[in-house]
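Undergrad: Protein chains in written order, with the working numbering: chain A, 546 to 1087; chain B, -5 to 139; chain C, 229 to 326. Cβ atoms here follow ideal geometry from the backbone N, Cα and C, with glycine treated the same way. All values derive from a computational prediction rather than experimental measurement. Below you'll find the structure I mean.
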Amino acid sequence: MYVYDQFDQAMVDARVAEFRDQVRRRLEGHLSEDQFKPLRLMNGLYLQLHAYMLRVAIPYGTLNSAQMRMLGQIAAKYDRGYGHFTTRQNIQYNWIRLEDAGDILADLASVGMHAIQTSGNCIRNTTSDQWAGAAADEVADPRPYAELIRQWSTFHPEFCALPRKFKMAVIAAEADRAAMRLHDIGIRLVKNAAGELGAQFYVGGGMGRTPMIAPPIRDWVPIDQFITYCEACLRVYNRHGRRDNKYKARIKILVHELGAAEYTRQVEEEFAHLLSQGIEPPAAELARIAAQFTDPPFETGLPDSMDLADPAFARWVRVNVSGHKAPGYAVVTVSLKPAGGIPGDASAAQIELLADLARDHGFDELRVTHTQNVVLPHVRKADLYAIWQRLEATGMGSANIDRIGDIIACPGLDYCSLANARSIPVAQAISARMAAREDEIGELKLKISGCINACGHHHAGHIGILGVDRKGVENYQLLLGGSEGADCSLGTITGPGFDEEGIVGAVETATEVYLARREAGERFLDTYRRIGMAPFKEALYG
Amino acid sequence: MAEVQFRFRNDELVEDAMVTVDAFGQQANASAVRIEPGDEPRDLLPHLERLRLVEVNFPAFTDGRGLSAARILREAGYAGELRAVGDVLVDQLAALRRCGFDAFAPEVPLNEDDARAALARWPAAYQPAADGRAPLWALRHGQGA
Amino acid sequence: MKLLTGNDLKSGAVIWWDGTGWSLHVEQAADVGGEGDVIAAREGAARRVVAAYVVEAEGTPQGPRPLHIKERIRAIGPTVRPDLALRPADPALGEWVI
Ligand code: SF4
């Protein structure tokens, strides 16, 4: 794991001082709200439905037990005892006082954390594969490259007033566990025939009101030029992205309006120029970072077999535990989606337990997934039973990863001032009703957003739900056929929307069509792709 | 016309008549130009040797196009005065400076103490820009001081 | 009737204009008639409120009830965490909000 050196530490410390000063000037009246708002947003502080909300960055979703513990302590000390893990691999606190924000940032800085650029029109926290460093299918660990991006993008002076927010993701496997092509820039690390590492660039993806899958714009950028290429992509966007209409300001609109070919041409021209500007960090810097992402000291000769006599444990292992590159080890995904619970919420005590588990059994490492769960990336199979028991005892033992109960849900109208409808109660009703049928249904990714901004990734759900406001009443549209993986696709709206009760029934109906029509080995998504929308429509509205 | 409140140059203040980017190419004796957000800064590159002052207007501090314009000029070797005007606020000073601005004429004068604190805030920079500051990776690997 | 609501600048808490000052309780909110924008500007400038805006409400025997669900949720708290609601012990709360 990357550990801050004195330089990194000095930067976050300076940031804390700067933000304290900005808050002071706001409270003393030297800054108007119009002037202060972009400043607080650049530091992840929103004004939400009930209070200020603080979004803390978890760079590429990786953190150690001390950092996780601090997240729990902040929930207990400054919030109302819980936090919410987001689809951007971050954590949000819902009940923050402006007066406390400086102290919270100071506490975070004490464990090498911050809220820098977690909002605002700048380059946001870079996301990555939550199995990085543990997955057997990666060509390289993507995190050193994500860390290079973190450093390059942090306080980037040219890109601090972009037309709109900017999100990047880096992966290094063919399987896409980070929704890479639904980002402003998606980077996939690949190896060529000579075994050299390069970066594939996809630019102009995103969800929101105009969902788009990022087109590839370059197959191969030599790895020792990829930061320069990022800079070129951003400069073209900063100069030419639309600023006349907030809803057309994302880079996906620029790429779409120019066409991928013309956008690429402009980027290539800028790239050729920037190559002479000394922007690229040297290989020594990459080596310094990569040295901090080496494998933990795995034991050898560990057994791969486990005692699966306890059926509940066996089920959890089958659903939540995945293969690891090291024999005798496994990747555990801890579900923050109890049936009937609030997706992604964790209490201070749960967060601290996760920290304990990482310390006791997981080489001190944790990951946050874009599906709002938490991963222990390196655990001995021999420890799984003990881990599971501790999770069970604290309400985190659900065996439902990638099942219908593992719902992504944005905060929706219960917390979010932009929302049109509540997301969480719908997720709770669906997970409660469908829990007993999860095994029968198998993999089914359900994603709910409370408005068109799509923080709940509804476009990319096998089943997606979008909350809308119909004359002051909450209404829910149903989408089918989305996927955020390597087979990326956008869902299609089934037809007229449903009320809160109706949408739960509609989801059940859609799963019944699938169960009746599926062929051997088909997931919900496969069946939908084979039989199309018509049978679902017929069952829903016919 | 706002006053220059901060200037980080030793040469004399340039008071030459300001023309638009469009007009600059035609006016062979013009030496000062004003860049608006949508202008193409590279149109000025053939004329760098007669340029003494570039004023970049920020009608709203949230429009960062002027930041790219400044860096592009510095990258091309422009060494004259680069002045930020318009909605220039305390909390943008450090970024403006890094992008190559060396003079500031904010529409509303800034609190001097706040501005000085903002300019002195950062112990280092993560990435190279147009201010000649060595990025952190250079400090880490013993290049530059 | 029209209510004026916003957030307390320092704490972020949802507040309602009660005719002379700010209250945490929507049932104490005053009908601001056409004065909402003027009060909002004055109170915003005095840094007692942030992001103030006017909402439509109906009068009920228990006091004003905002017409839109969004403001009712703001008034009480997240519907999914009744334990955190402003009046957690009030059994009629759910019906009031939805
Ligand atoms: S999708 Fe809409 S309602 Fe949900 S968190 Fe995002 S902005 Fe809020």
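With DSSP run on the structure shown, which of helix, strand or coil describes M757/A?
TA: Note: M757/A maps to strand in three-state DSSP.
Undergrad: To the nearest whole angstrom, what separates the beta carbons of A118/B and A555/A, a pair I think is in contact under 8 angstroms?
TA: Yes, A118/B and A555/A are in contact; Cβ-Cβ is about 7 angstroms, under 8 angstroms.
Undergrad: Buried or exposed for T672/A, going by 16 or more other Cβ atoms inside 10 Å?
TA: So T672/A counts as buried.
Undergrad: At least one CB of chain B closer than 7 angstroms to the CB of Q551/A: is that the case?
TA: Cβ-Cβ to chain B under 7 angstroms: no for Q551/A.
Undergrad: Quick one: what does DSSP say A139/B is sitting in, helix, strand or coil?
TA: Here the model assigns A139/B a pLDDT of 44, short of 50, so the residue's position is not dependable, and the following value carries that caveat. Coil, per DSSP.
Undergrad: Quick check: does the Cβ of A1005/A come within less than 6 angstroms of any heavy atom belonging to ligand 1?
TA: No.
Undergrad: Looking at G957/A and ligand 1, is the gap between the Cβ and the nearest heavy atom below 6 angstroms?
TA: Yes, the Cβ of G957/A comes within 6 angstroms of a heavy atom of ligand 1.
Undergrad: Beta-carbon of Y808/A versus every beta-carbon of chain C: anything under 7 angstroms?
TA: Closer than 7 angstroms: no.
Undergrad: Are S943/A and P883/A closer than 7 angstroms when you measure CB to CB?
TA: Yes; because the gap between Cβ atoms is below 7 angstroms, this pair is in contact.
Undergrad: Please name the residues in the region 963 to 976 of chain A whose beta-carbon is closer than 8 angstroms to at least one beta-carbon of chain C, in chain order.
TA: Cβ contacts with chain C come from A964, R967, I969, P970, Q973.
Undergrad: At the 7 angstroms Cβ level, is S251/C part of the contact set with chain A, yes or no?
TA: No - not a single Cβ of chain A is within 7 angstroms of the one on S251/C.
Undergrad: I'd like to know if A139/B contacts chain A, where contact means its C-beta is closer than 7 angstroms to some C-beta of that chain.
TA: Because A139/B sits at a pLDDT of 44, beneath the cut-off of 50, its placement in the model cannot be relied upon, and the following sentence gives the value as read from the coordinates. No, its Cβ sits nowhere closer than 7 angstroms to a Cβ of chain A.
Undergrad: When DSSP labels each residue in this structure, what does N280/C get in the three-state scheme?
TA: Sequence check: residue 280/C is Ala here, not Asn. Strand at A280/C.
Undergrad: Terminal residues of the continuous beta strand (DSSP E) containing N51/B?
TA: Start and end: 47 to 52.
Undergrad: Closer than 7 angstroms, Cβ to any Cβ of chain C: which residues of the region 583 to 597 of chain A, in chain order?
TA: The region 583 to 597 of chain A vs chain C, Cβ under 7 angstroms: L592, L594, H595, A596, Y597.
Undergrad: Where do the N-terminal and C-terminal ends of the alpha helix (DSSP H) with K736/A fall, by residue?
TA: Element bounds for K736/A: not the alpha helix (DSSP H) but the beta strand (DSSP E), 730 to 736.
Undergrad: Report the option in A974/A, C667/A, Y747/A whose CA atom is closest to the CA atom of C1033/A.
TA: For the residues A974/A, C667/A, Y747/A, the minimum Cα distance to C1033/A belongs to Y747/A.
Undergrad: Assuming the contact rule is C-beta atoms closer than 8 angstroms, V924/A and A875/A should be a hit. Round their C-beta distance to whole Å, please.
TA: That pair is a contact at about 6 angstroms.
Undergrad: Contact check, N965/A vs G995/A under 8 angstroms by CB: the rounded distance?
TA: Sure, about 6 angstroms apart at Cβ, within 8 angstroms.
Undergrad: Compute every distance between the C-beta of G995/A and the non-hydrogen atoms of ligand 1, then say whether any falls below 6 angstroms.
TA: For ligand 1, at least one heavy atom lies less than 6 angstroms from the Cβ of G995/A.
Undergrad: Can you give the beta carbon distance from T663/A to R600/A, rounded, assuming they're within the 8 angstroms contact cut?
TA: About 4 angstroms; that satisfies the 8 angstroms criterion.
Undergrad: My parser needs the beta strand (DSSP E) runs of 3 or more residues fully inside the region 595 to 642 of chain A; what are they?
TA: You should have 597 to 601, 607 to 609, 627 to 630, 636 to 641.
Undergrad: Quick one: which residues of the region 882 to 896 of chain A get their C-beta closer than 8 angstroms to a C-beta of chain C? List them in chain order.
TA: The region 882 to 896 of chain A vs chain C, Cβ under 8 angstroms: I887.
Undergrad: Where do the ends of the beta strand (DSSP E) carrying H923/A lie?
TA: Residues 919 to 925.
Undergrad: Can you give me the C-alpha to C-alpha distance between V8/B and L90/B, rounded to a whole angstrom?
TA: For V8/B and L90/B, the distance between alpha carbons rounds to 20 angstroms.
Undergrad: In chain order, what residues of the same chain have a beta carbon less than 8 angstroms from the beta carbon of A139/B, not counting five sequence neighbours either side?
TA: Since pLDDT at A139/B reaches only 44, below the 50 mark, its modelled position is unreliable, and no value is offered.
Undergrad: Could you say which of H296/C, P316/C, R302/C, A320/C lies nearest to D1014/A if we only look at CA atoms?
TA: Closest option to D1014/A, Cα to Cα, is H296/C.
Undergrad: What are the start and end residues of the alpha helix (DSSP H) that includes P689/A?
TA: It spans 688 to 698 - the alpha helix (DSSP H) in which P689/A sits, taken as one unbroken run.
Undergrad: Would you please verify whether the beta carbon of A317/C is less than 7 angstroms from any beta carbon of chain A?
TA: With 7 angstroms as the cut-off, A317/C does not count as an interface residue toward chain A.
Undergrad: Applying the criterion that 16 or more other CB atoms from any shown protein chain within 10 Å of the CB defines a buried residue, is T248/C buried or exposed?
TA: Flag for T248/C reads exposed.
Undergrad: Distance cutoff 7 angstroms, beta carbons only. Does E1046/A sit that close to anything in chain C?
TA: Chain C, which has no Cβ nearer than 7 angstroms to the Cβ of E1046/A, makes this no.
Undergrad: Is A954/A near ligand 1, going by C-beta to nearest heavy atom under 6 angstroms?
TA: No, Cβ of A954/A sits at least 6 angstroms from all heavy atoms of ligand 1.
Undergrad: Ignore the nearest five residues each way along the sequence and tell me which others in A258/C's own chain have a CB closer than 7 angstroms to its CB.
TA: Only W245, D246, G247 meet the Cβ criterion.
Undergrad: Suppose you measure from the CA of C667/A to the CA of E578/A; what does that come to, to the nearest Å?
TA: C667/A and E578/A: Cα-Cα distance of roughly 19 angstroms.
Undergrad: Closer than 6 angstroms to a non-hydrogen atom of ligand 1 - does that hold for the CB of N639/A?
TA: Not so, every heavy atom of ligand 1 lies at least 6 angstroms from the Cβ.
Undergrad: Tell me S850/A's beta-bridge partners as DSSP assigns them.
TA: In the DSSP output, where bridge partners are listed per residue, S850/A has none listed.
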